[in-house]
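Remarks on the structure that follows.
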Amino acid sequence: MNQAAQVQEKQHKNAPQPLGPESSTWRDFGSYLFHLMLPQAFVLQSAHPVIDAAVSKDKKYKYDPWGRAKGSVKLLWPVVYSRPEKAIEMGHRLREMHRQIKGVDKDGNKYHALDPEAYSWVHITGFDATLRMFEYFGRPVSREERARIFDEWKQMGSLLGIPDRNIPQTEDEYWKHFDYIIEERLIWGEVLDDLMDPAFYGNYPRPEEMKYLPMPIFRLLMGTMGWLMHKVTVATLPQNFRRKFNVEYTKSDQRFFKLFAWAVRTFYPLVPERMRYIPLAWKAIKDSRNHPDAYEHDYTDTNTNELVIS
Numbered sequence: 628m629n630q631a632a633q634v635q636e637k638q639h640k641n642a643p644q645p646l647g648p649e650s651s652t653w654r655d656f657g658s659y660l661f662h663l664m665l666p667q668a669f670v671l672q673s674a675h676p677v678i679d680a681a682v683s684k685d686k687k688y689k690y691d692p693w694g695r696a697k698g699s700v701k702l703l704w705p706v707v708y709s710r711p712e713k714a715i716e717m718g719h720r721l722r723e724m725h726r727q728i729k730g731v732d733k734d735g736n737k738y739h740a741l742d743p744e745a746y747s748w749v750h751i752t753g754f755d756a757t758l759r760m761f762e763y764f765g766r767p768v769s770r771e772e773r774a775r776i777f778d779e780w781k782q783m784g785s786l787l788g789i790p791d792r793n794i795p796q797t798e799d800e801y802w803k804h805f806d807y808i809i810e811e812r813l814i815w816g817e818v819l820d821d822l823m824d825p826a827f828y829g830n831y832p833r834p835e836e837m838k839y840l841p842m843p844i845f846r847l848l849m850g851t852m853g854w855l856m857h858k859v860t861v862a863t864l865p866q867n868f869r870r871k872f873n874v875e876y877t878k879s880d881q882r883f884f885k886l887f888a889w890a891v892r893t894f895y896p897l898v899p900e901r902m903r904y905i906p907l908a909w910k911a912i913k914d915s916r917n918h919p920d921a922y923e924h925d926y927t928d929t930n931t932n933e934l935v936i937s
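Under our numbering, residue 937 is the last one in the sequence shown; the count climbs by one each step, no gaps.
Rendered as structure tokens:
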């Protein structure tokens with residue numbers, strides 16, 4: 628093999644590989660079941676000092692939470708739920724967007740969203756969240772499936788532009804790094820003061836889509852949902868995180884969460900498939916079934932069609 632061919636082979640090998648419709652990630656990432664794990668993941672992410680500094684700058688999670696949620700879905704979920712070339716493009720776009728997020732925190736320290744530890748930490752929380760989603764709300768995961776989930780998690784990291792050196796390459800390395808970040812690097816900052824307030828979710832502003840709903844009814848609904856979301860957030864946080872920051876998790880909380888998790892495991896599988904996924908994910912799932920050839924990716928083909936769903 629000549630040198631040019633070797634270089635080309637290396638480039639193809641190291642190129643980000645999109646996650647296709649046959650992946651476990653497609654099955655899980657866009658499901659409402661996985662969304663039960665997102666609040667605790669955001670808590671873990673926001674406890675990193677770099678992320679706390681960046682997120683607390685405009686507090687969009689507090690003052691425009693619905694807009695923030697829509698923005699996240701629009702930017703991150705297409706990295707999974709897109710036709711191959713578009714998935715790669717969206718991963719690149721997401722990383723480039725983070726390049727602009729930088730500044731100086733309240734203590735005068737410079738921060739940047741592409742700080743290697745902070746940027747990779749956001750992704751690192753995902754593997755833990757996936758496994759505990761199955762533990763709490765799903766079914767036992769076989770050794771083979773667990774290995775597949777881990778490999779796909781690393782693949783997703785590549786799509787997001789995270790170098791291999793910043794991603795644990797084995798599960799043993801992963802858990803050592805995960806625990807190290809929690810024990811040694813995370814802080815209880817301004818963002819966690821908000822996120823861990825029991826009234827946080829109940830105080831969400833009324834979204835435009837619900838403007839015709841009377842405010843008293845909206846407040847009642849959000850108060851109930853907010854109480855539930857806070858309980859679920861606390862229950863799904865890693866034990867060493869709760870221990871480090873003395874997060875209260877009472878016996879009654881444990882009993883309630885055990886009942887809630889049982890209800891989800893029992894009734895969620897009965898929900899029609901299309902109602903188990905956020906709209907963007909379900910649209911991509913349908914597209915992959917109607918046009919399976921569009922999801923066959925060839926790295927030697929630079930003219931692969933772009934995604935026709937948005």
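Virtual Cβ for every residue (Gly too), placed ideally from N, Cα, C.
Since the structure is predicted, the reported quantities are computational estimates derived from the model, not experimental observations.
For residue i, tell me which candidate among the options has the shortest Cα-Cα distance.
i	options	result
ASP755	HIS804, TYR708 and ILE728	HIS804
LYS729	LEU721, GLU810, PRO865 and LEU741	LEU741
PHE872	ALA826, ARG892, GLY829 and ARG812	ARG812
TRP748	PRO767, GLN672, VAL898 and THR851	GLN672
SER658	ASP914, LYS910, HIS918 and ARG882	LYS910
ALA642	GLN881, ARG766, PHE761 and PRO790	PRO790
MET664	MET823, THR860, ASP920 and PHE868	THR860
TYR828	LEU848, ILE844 and GLU836	LEU848
GLY735	MET902, VAL677 and PHE661	VAL677
GLU875	LEU702, LEU786 and ASP824	ASP824
LEU702	ARG722, LYS684 and GLY765	ARG722
LEU897	GLY698, THR851, ARG726 and LEU660	LEU660
PRO906	GLY765, VAL700 and LEU864	VAL700
GLU772	TYR688, THR652 and ALA696	THR652
HIS675	TYR746, LYS687, GLU923 and ASP685	TYR746
TRP854	TYR839, LEU864 and ALA826	ALA826
ILE715	ALA696, HIS857 and LEU786	LEU786
ARG766	MET902, GLU900, ASN917 and TYR895	TYR895
ARG869	ILE814, GLU900, MET856 and PRO843	ILE814
LYS686	ASP820, GLN727, LEU864 and THR877	ASP820
Across which residues does DSSP place residue i in a beta bridge pair?
i	result
HIS739	LYS729
TYR904	SER658
Hey, would you say the C-beta of residue i is under 7 Å away from at least one heavy atom of the ligand MN?
i	result
ARG901	Among the components modelled here there is no ligand, and therefore nothing to report on the ligand MN.
Using C-beta distances below 7 Å, list every residue in its chain close to residue i, excluding the 5 sequence neighbours before and after it, in chain order.
i	result
TYR801	PHE754 and PRO795
GLU798	PHE777
VAL818	SER673, ASP679, VAL682 and SER683
THR752	ALA668, LEU671 and GLN672
With a threshold of 6 Å on Cβ separation, who are the neighbours of residue i within its own chain once the five nearest residues in sequence on each side are excluded?
i	result
PRO705	MET717
PRO743	ASN793
GLY784	HIS750 and ILE794
GLY816	ASP679
VAL768	PHE761
ASN867	ILE809
TYR763	ALA888
ALA862	PHE884
VAL670	LEU822
HIS739	LYS729
ALA908	GLY657 and TYR708
Tell me which same chain residues have a C-beta within less than 8 Å of the C-beta of residue i, skipping the five on either side of it?
i	result
MET837	PHE845
THR757	ASP655, PHE661, MET664, ILE776 and TRP780
ARG720	LEU702
ASP806	ASN867
LYS858	ASP880, PHE883, PHE884 and PHE887
- If we count Cβ pairs, one from each stretch, closer than 8 Å, do we get three or more for the region 698 to 715 versus the region 644 to 654? yes
- Check whether the region 688 to 698 touches the region 831 to 840, counting contact only when three or more Cβ pairs, one atom from each stretch, lie closer than 8 Å. yes
- Starting from the N-terminal side, write out each stretch of the beta strand (DSSP E) that is 3 residues or longer and does not extend beyond the region 691 to 729. none
- Message: My parser needs the alpha helix (DSSP H) runs of 4 or more residues fully inside the region 728 to 814; what are they?
- Response: 743 to 764, 770 to 786 and 798 to 807
- Query: Which residue spans inside the region 845 to 926 form an unbroken alpha helix (DSSP H) run of at least 4?
  - Reply: 866 to 871, 878 to 894 and 906 to 917
- Task: Evaluate contact between the region 774 to 781 and the region 882 to 897, counting only Cβ atoms and requiring at least three cross-stretch pairs below 8 Å.
- Result: no
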